[in-house]
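Peer 1: Residue numbers for the sequence shown follow this note's numbering, beginning at 9 and rising by one. For each residue, glycine too, the CB sits at the ideal point set by N, CA and C. Submitted below is the structure of interest, expressed as structure tokens.
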Amino acid sequence: MHSAVLLIEFGSIILGLGLLGRFAARFRLSPIPLYLLAGLAFGEGGLLPLGASEEFIATGAEIGVILLLLMLGLEYTASDLVSNLKTHYPSGLVDCALNALPGAAVALLLGWGPVAAVVLAGVTWISSSGVIAKVLGDLGRVGNRETPVILSVLVLEDLAMAVYLPIVTALVAGVGLMAGSVTLAIALGAAGLVLFLAVRYGRLISRFVSSDDPEKLLLVVLGLTILVAGVAQQLQVSAAVGAFLVGIALSGEVAEGAHTLLSPLRDLFAAVFFVFFGLHTDPSSIPPVLLPALGLAVVTALTKIATGYWAARRAGISVRGRWRAGGALVARGEFSIVIAGLAVAAGIEPSLGPLATAYVLILVVLGPLTARYTEPVATWWSRRREPHRPEPAPRAAEAEAPVAD
Numbered sequence: 009m010h011s012a013v014l015l016i017e018f019g020s021i022i023l024g025l026g027l028l029g030r031f032a033a034r035f036r037l038s039p040i041p042l043y044l045l046a047g048l049a050f051g052e053g054g055l056l057p058l059g060a061s062e063e064f065i066a067t068g069a070e071i072g073v074i075l076l077l078l079m080l081g082l083e084y085t086a087s088d089l090v091s092n093l094k095t096h097y098p099s100g101l102v103d104c105a106l107n108a109l110p111g112a113a114v115a116l117l118l119g120w121g122p123v124a125a126v127v128l129a130g131v132t133w134i135s136s137s138g139v140i141a142k143v144l145g146d147l148g149r150v151g152n153r154e155t156p157v158i159l160s161v162l163v164l165e166d167l168a169m170a171v172y173l174p175i176v177t178a179l180v181a182g183v184g185l186m187a188g189s190v191t192l193a194i195a196l197g198a199a200g201l202v203l204f205l206a207v208r209y210g211r212l213i214s215r216f217v218s219s220d221d222p223e224k225l226l227l228v229v230l231g232l233t234i235l236v237a238g239v240a241q242q243l244q245v246s247a248a249v250g251a252f253l254v255g256i257a258l259s260g261e262v263a264e265g266a267h268t269l270l271s272p273l274r275d276l277f278a279a280v281f282f283v284f285f286g287l288h289t290d291p292s293s294i295p296p297v298l299l300p301a302l303g304l305a306v307v308t309a310l311t312k313i314a315t316g317y318w319a320a321r322r323a324g325i326s327v328r329g330r331w332r333a334g335g336a337l338v339a340r341g342e343f344s345i346v347i348a349g350l351a352v353a354a355g356i357e358p359s360l361g362p363l364a365t366a367y368v369l370i371l372v373v374l375g376p377l378t379a380r381y382t383e384p385v386a387t388w389w390s391r392r393r394e395p396h397r398p399e400p401a402p403r404a405a406e407a408e409a410p411v412a413d
């Protein structure tokens with residue numbers, strides 16, 4: 009009987025997610041807020057709490073995080089990461105300062121303590137690569153001059169996660185300073201080793217994993233990723249970091265083939281992850297934190313716009329391109345929820361999960377709007393503020409010159 013209920017519940021969840029995804033695609037929206045709302049509706053304090061499938065969903069959610077980070081790593085080669093780090097690291101520092109500090113400040117003002125401050129800083133810092141990539145494609149801006157700047161900021165954020173996630177994992181686990189230092193040293197050592205091996209022996213690694221048979225390629229890449237993620241977690245390093253490093257180590261045709269094969273699995277388990285996060289958030293806990301979430305969303309939307317503007321200006325992009333770059337970076341999504349999920353699982357602060365949920369819901373809806381309208385609104389506002397200047401009179405020599413046919 010329990011098996012039948014499990015199948016009914018899980019099948020209903022997957023079917024519902026598919027319908028929500030189709031609805032979001034019809035209106036060119038990100039499905040993430042709908043997945044979160046579905047989790048809220050069927051979780052603690054929701055309309056119809058689930059019971060039999062919760063443990064199964066928890067495992068699926070963990071796989072979803074691993075696949076999200078793996079696919080992100082597959083997008084970049086080790087040489088790309090090193091090049092971006094050397095060229096655009098000032099933009100990454102500005103991004104961190106402008107967007108992490110507001111989250112940390114709000115957590116401290118609410119009296120949540122330093123650990124929650126570090127977690128909320130990450131929630132407000134990291135943009136959603138998935139949502140932003142989809143928006144750029146929908147708006148036809150993939151070939152724009154400012155797009156490499158946007159991608160560089162996202163790459164630096166993703167690379168920073170390889171350092172940030174182990175720190176957060178150690179903090180929420182409550183380990184001491186010495187143990188936390190060892191954890192961070194292991195994470196940095198592993199990241200450095202993987203980058204070195206990927207740059208030096210990337211072709212050999214990819215050749216070892218490569219297979220002409222899609223089934224074998226899928227099994228080897230998926231098995232290797234989950235194995236490395238498990239080893240990383242056993243060493244008190246985030247499993248997500250392990251998956252990210254595996255993605256970086258693979259390149260060329262192997263990375264392209266793995267990306268194609270794993271994309272449907274990523275979408276499935278990532279959706280389960282968002283539902284799982286919503287399941288563990290009581291809807292009645294969101295209204296008390298809605299005002300701080302809204303204020304934080306407004307402030308960090310403006311700071312992200314400022315980040316993109318500054319980074320694009322540094323790259324020599326035109327004013328209109330700077331505003332487009334800033335507006336495109338506003339959306340938060342999967343990684344903000346991943347970071348908040350670490351704290352929720354450890355029971356750091358009961359209100360942190362609801363605030364992160366409300367915050368992501370606001371910005372994942374606002375992000376596509378700012379990407380579309382920041383530049384025209386900024387252009388309109390600048391023209392309105394400039395006084396009307398009459399056209400200068402032509403010089404005498406120009407006035408007397410004959411007009412060419």
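1) Taking C-alpha atoms, which residue in Ser-390, Tyr-172, Val-307 and Val-373 lies nearest to Leu-44?
2) Please report the straight-line C-alpha distance between Arg-332 and Glu-17, rounded to a whole angstrom.
3) For a minimum of 4 consecutive residues, which ranges assigned as the alpha helix (DSSP H) are wholly contained in the stretch 222 to 290?
4) With distances taken between CB atoms, is the gap from Ser-259 to Thr-85 smaller than 8 Å?
5) What does a CB cutoff of less than 6 Å around Arg-328 pick up in its chain, not counting 5 residues either side in sequence?
6) If we ignore side chains and look at the alpha-carbon of each, how far apart do Pro-162 and Phe-216 end up?
7) Could you pull out every residue in the same chain whose Cβ sits closer than 7 Å to the Cβ of Ala-366, ignoring the five residues on either side in sequence?
8) Classify Arg-403 as helix, strand or coil using the three-state DSSP reduction.
9) Exposed or buried, what is Pro-222 when buried is set at 16 or more other beta-carbons lying within 10 Å of its beta-carbon?
10) Just how far apart, CA to CA, sit Asn-152 and Gly-200?
11) Out of Val-114, Leu-253, Gly-47 and Val-306, which one is the CA nearest neighbour of Ser-359?
12) In whole angstroms, give me the CA-to-CA distance for Leu-15 and Val-306.
13) Just the Cα atoms here: how many angstroms apart are Trp-318 and Val-127?
14) In the DSSP assignment, the alpha helix (DSSP H) including Ile-345 goes from what residue to what residue?
15) Which residue comes first and which comes last in the alpha helix (DSSP H) that contains Leu-371?
16) If I follow the unbroken alpha helix (DSSP H) through Asp-166, where does it start and stop?
17) Counting only the same chain and skipping the five closest in sequence on each side, list residues whose C-beta sits under 6 Å from that of Arg-208.
18) Could you compute how far the alpha carbon of Thr-311 sits from the alpha carbon of Leu-106?
19) For the stretch 66 to 78 against the stretch 274 to 282, do three or more pairs of beta-carbon atoms, one drawn from each stretch, fall closer than 8 Å, so that the two count as touching?
20) When burial is assigned at 16 or more other CB atoms within 10 Å of the CB, is Val-131 buried or exposed?
21) By Cβ distance, which residues of its chain are closer than 6 Å to Ala-112, with the 5 residues on each side in sequence left out?
22) Output the boundary residues of the alpha helix (DSSP H) element that contains Arg-420.
23) Among residues of its own chain, excluding the 5 on either side of Ala-2, which ones have a beta-carbon nearer than 7 Å to its beta-carbon?
24) CA-CA distance, Gly-29 and Gly-375?
25) Work out the CA separation of Leu-225 and Glu-264 for me, nearest whole Å.
26) Going by DSSP, what residue range makes up the alpha helix (DSSP H) through Tyr-308?
27) I need the DSSP call for Phe-50, collapsed to helix, strand or coil.
28) What is the DSSP secondary structure of Ile-21, counted as helix, strand or coil?
29) From Leu-159 to Gln-242, what distance separates their C-alpha atoms?
30) Is Thr-315 closer than 8 Å to Asp-103 when the C-beta atoms are compared?
31) Got a sec? Which residues, its chain only, sit under 7 Å from Val-176 by beta carbon, not counting five neighbours each side?
32) Pop quiz: His-267 and Leu-42 are said to be a contact at Cβ under 8 Å. What is the actual Cβ separation, rounded to whole angstroms?
33) Do Phe-285 and Ile-345 have their C-beta atoms within less than 8 Å of each other?
34) What does the alpha-carbon distance come out to for the pair Gly-119 and Ala-364?
Peer 2: On the basis of the coordinates in this document:
1) Val-373
2) 43 Å
3) 222 to 242, 247 to 257 and 260 to 287
4) yes
5) Glu-383
6) Here residue 162 is Leu; the residue named in the question, Pro, does not match the sequence. Whole-angstrom Cα-Cα distance: 29 Å.
7) Ile-294, Val-297, Leu-298 and Ala-301
8) Summary for Arg-403: the model assigns pLDDT 47, below 50, so the residue's position carries little reliability; its value from the coordinates is reported in the next sentence. Arg-403 falls in the coil class under three-state DSSP.
9) exposed
10) 33 Å
11) Val-114
12) 42 Å
13) 25 Å
14) 342 to 354
15) 360 to 393
16) 155 to 181
17) none
18) 6 Å
19) yes
20) buried
21) Ala-125 and Ala-129
22) The displayed coordinates of the chain run from 9 to 413. Any statement about residue 420 would go beyond what the structure contains.
23) A query on residue 2 cannot be resolved here, the shown segment of the chain reaching from 9 to 413 and no further.
24) 18 Å
25) 11 Å
26) Residue identity check: residue 308 is Thr in the sequence provided, not Tyr. That run of the alpha helix (DSSP H) goes 295 to 322.
27) coil
28) helix
29) 32 Å
30) yes
31) Val-126, Val-127, Gly-130, Ile-347 and Leu-350
32) That belief does not hold up - the Cβ atoms of His-267 and Leu-42 are roughly 25 Å apart, past 8 Å.
33) yes
34) 16 Å
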